[in-house]
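Worksheet for the structure shown next.
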Amino acid sequence: MKHIYKQGTNESAPVLVLLHGTGGTENDLLPLAEIVSPESSVISIRGNVLENGMPRYFRRLAEGVFDIEDLIFRTKELNDFLDQAAAEYGFDRSNLVAIGYSNGANIAGSLLFHFEGSLKGAILHHPMVPLRGVKLPDLSGVPVFIAAGENDPICVPQETEDLNKLLSDAGADVSIHWERFGHRLTASEVDAAAAWYQSHFVAQP
Ligand code: MLT
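Each step along the sequence shown adds one to the number in full-length UniProt numbering, with nothing skipped, and position 96 is 96.
Shown next, in the form of structure tokens:
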């Protein structure tokens, strides 16, 4: 998959996996990585699917209606890519924290739904429930930060509550940060994600 890899200064810090929104590229979320964990290595990946020229991580049939067969196929493709990238760049495959926005948050959620140990933690900006009716793997000890909009017309609050319940029932430790800026990825929610990351992944002196 097309991607950018940036070696960090602290090899034991989690590697950040950046996953952009619909129409984005692997450049979009690099500034977020600098705010959340500047010492981390970063792998930022472009979605392999094009919708009218806009990169995405999986196909959809309409706004909010996902092509589930493609979602499952693409989730495996991304998981396999992370395995290969870990071998190629020499990072610890079991030490990955995703940062995803919108469509990127949805594929990150799908990794959590399908592959045990695929992510050590996740920051999901405006995610939806990727798919329903599947048994999730054991997510005990996996912290997940969700930033959501009370007035988000795409990821409505009920989706956030449903996603929280599905992840929590599988053992994940979910924190939700609510704002009122619709579907926008705001600076204040990135700051909240950075504070959450500090408290979950940065060892206290
Ligand atoms: C999606 O995955 O389709 C998102 O939730 C909405 C979007 O990316 O526009």
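Every residue, glycine too, gets a C-beta built ideally from N, C-alpha and C.
What number of angstroms, rounded off, separates the C-alpha of residue i from the C-alpha of residue j?
i	j	result
E161	N27	30 Å
L189	S175	A small correction: the amino acid at residue 189 is Glu; Leu does not occupy that position in the sequence shown. About 12 Å.
G53	H183	21 Å
W196	N106	20 Å
I123	L29	12 Å
T22	D70	16 Å
G8	Y57	25 Å
A87	G117	16 Å
With a CB to CB cut of under 6 Å and the five nearest residues on each side skipped, what residues in its chain are close to residue i?
i	result
F201	P14
F66	R60
residue 215	There is simply no residue 215 to check, as the chain begins at 1 and stops at 205 in what is shown.
G47	P55, R56, Y57
How should residue i be labelled, buried or exposed, when 16 other C-beta atoms within 10 angstroms of its C-beta is the threshold for buried?
i	result
K135	exposed
D191	exposed
L50	exposed
D152	buried
S37	buried
A148	buried
K120	buried
P55	buried
R180	exposed
Tell me whether residue i counts as near the ligand MLT, meaning its Cβ is closer than 8 Å to at least one heavy atom of that ligand.
i	result
G53	no
I154	yes
P157	no
R132	no
N1	With the sequence shown as reference, residue 1 is identified as Met, and Asn is not the correct amino acid for it. No, since every heavy atom of the ligand MLT falls outside the 8 Å radius drawn around the Cβ of M1.
Please list, in chain order, all residues of the same chain as residue i whose beta carbon is under 8 Å from its beta carbon, the five residues on each side excluded.
i	result
N10	E39, S40
Looking only at its chain, what residues have a beta carbon closer than 7 Å to the beta carbon of residue i, apart from the 5 residues adjacent to it on each side?
i	result
Y101	H20, G21, L29, H125, H126, L185
query = Taking three-plus beta-carbon pairs below 8 Å as touching, is the stretch 125 to 141 in contact with the stretch 155 to 175?
reply = Touching, per the Cβ criterion.
message = Contact between the stretch 97 to 113 and the stretch 67 to 75 is defined here as three or more beta-carbon pairs at a separation below 8 Å; is this criterion met?
response = The stretch 97 to 113, when compared against the stretch 67 to 75, does touch it at the 8 Å Cβ threshold.
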